[in-house]
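Take my numbering: the last position of the sequence shown gets the number 130, and nothing is skipped along the way.
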Amino acid sequence: MQSPSGEPTFAVFAFTNILTSLLDKHNPDAIAVIFDTPEPTFRHILYDQYKAHRDAFPEDLVPQLQRIKQLIGLMGLEMVEMPGFEADDIVGTICRRESDDGHEILCVTSDKDYFQLVNDKVKILRPART
1 MQSPSGEPTF AVFAFTNILT SLLDKHNPDA IAVIFDTPEP TFRHILYDQY KAHRDAFPED
61 LVPQLQRIKQ LIGLMGLEMV EMPGFEADDI VGTICRRESD DGHEILCVTS DKDYFQLVND
121 KVKILRPART
C-alpha cells in the first residue's frame, strides 16, 4: 500500500484503523503511545551484544513512523519516547504506577512479552492481524 507519490503507507493505515477502533470500542480516558528511540539503552551499555542479532529496522517504516507521530500529535494524544530506555520499560513503569493508583490499563500490542504485566488492573489487547 502506498500514496500516489509512492510513499509506503500500510503501517500508517493499520495504526489508524487500530487507533480508531480502540477509541470507538473502549472510549479510554487517556491514551499514551510509546516509542523506542534509536539511542542505545542502558542494556546496550551493560552488554554490548544486547539485541546484536536483531534484524535492522525496516527502511520503509521510517517515513511511516514519522507520519504516525504526526498523526498522534494532530490528535492531541500523549506520545512518549525516552532515550536510554526501551518502550517496554516505559510501558511497564506506566502500568505499575497507574495500576497501583487504581487505574485500569489496556495495553494494545502484539508483543507477547507484555503478558507479564497483566494483573487485575492491566489487560492486554492484541490487535487482529490482517
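No residue lacks a Cβ here, since even glycine has one placed at the ideal position from N, Cα and C. Please read these numbers as outputs of a predicted model, since none were measured by experiment.
Close Cβ partners of residue i (< 8 Å) along its chain, the five nearest in sequence each way excluded
{"i": "residue 35", "result": "65, 69, 79, 80, 81 and 87"}
{"i": "residue 12", "result": "64, 67, 68 and 71"}
{"i": "residue 102", "result": "121"}
{"i": "residue 115", "result": "124"}
{"i": "residue 50", "result": "41, 43 and 44"}
Where the alpha helix (DSSP H) containing residue i begins and where it ends
{"i": "residue 32", "result": "First-last for residue 32: 32-35, but that is the beta strand (DSSP E), not the alpha helix (DSSP H)."}
{"i": "residue 62", "result": "61-74"}
Cβ shell of residue i (< 7 Å), same chain only, five flanking positions each side left out
{"i": "residue 127", "result": "18, 108 and 110"}
Supposed close pair residue i, residue j - CB separation, criterion 8 Å
{"i": "residue 117", "j": "residue 26", "result": "So it is not a contact: roughly 17 Å between Cβ atoms."}
{"i": "residue 1", "j": "residue 10", "result": "4 Å"}
Spatial distance of residue i from residue j (CA atoms)
{"i": "residue 89", "j": "residue 6", "result": "35 Å"}
{"i": "residue 37", "j": "residue 120", "result": "30 Å"}
{"i": "residue 94", "j": "residue 113", "result": "16 Å"}
{"i": "residue 20", "j": "residue 91", "result": "21 Å"}
{"i": "residue 57", "j": "residue 46", "result": "22 Å"}
{"i": "residue 96", "j": "residue 22", "result": "22 Å"}
Pair within 8 Å by beta-carbon distance, residue i and residue j
{"i": "residue 60", "j": "residue 8", "result": "yes"}
{"i": "residue 77", "j": "residue 33", "result": "yes"}
{"i": "residue 84", "j": "residue 39", "result": "yes"}
Where the beta strand (DSSP E) through residue i begins and ends
{"i": "residue 81", "result": "78-81"}
{"i": "residue 108", "result": "105-108"}
{"i": "residue 125", "result": "122-125"}
Cut-off 6 Å between Cβ atoms - residues of its own chain near residue i, not counting five sequence neighbours on either side
{"i": "residue 98", "result": "105"}
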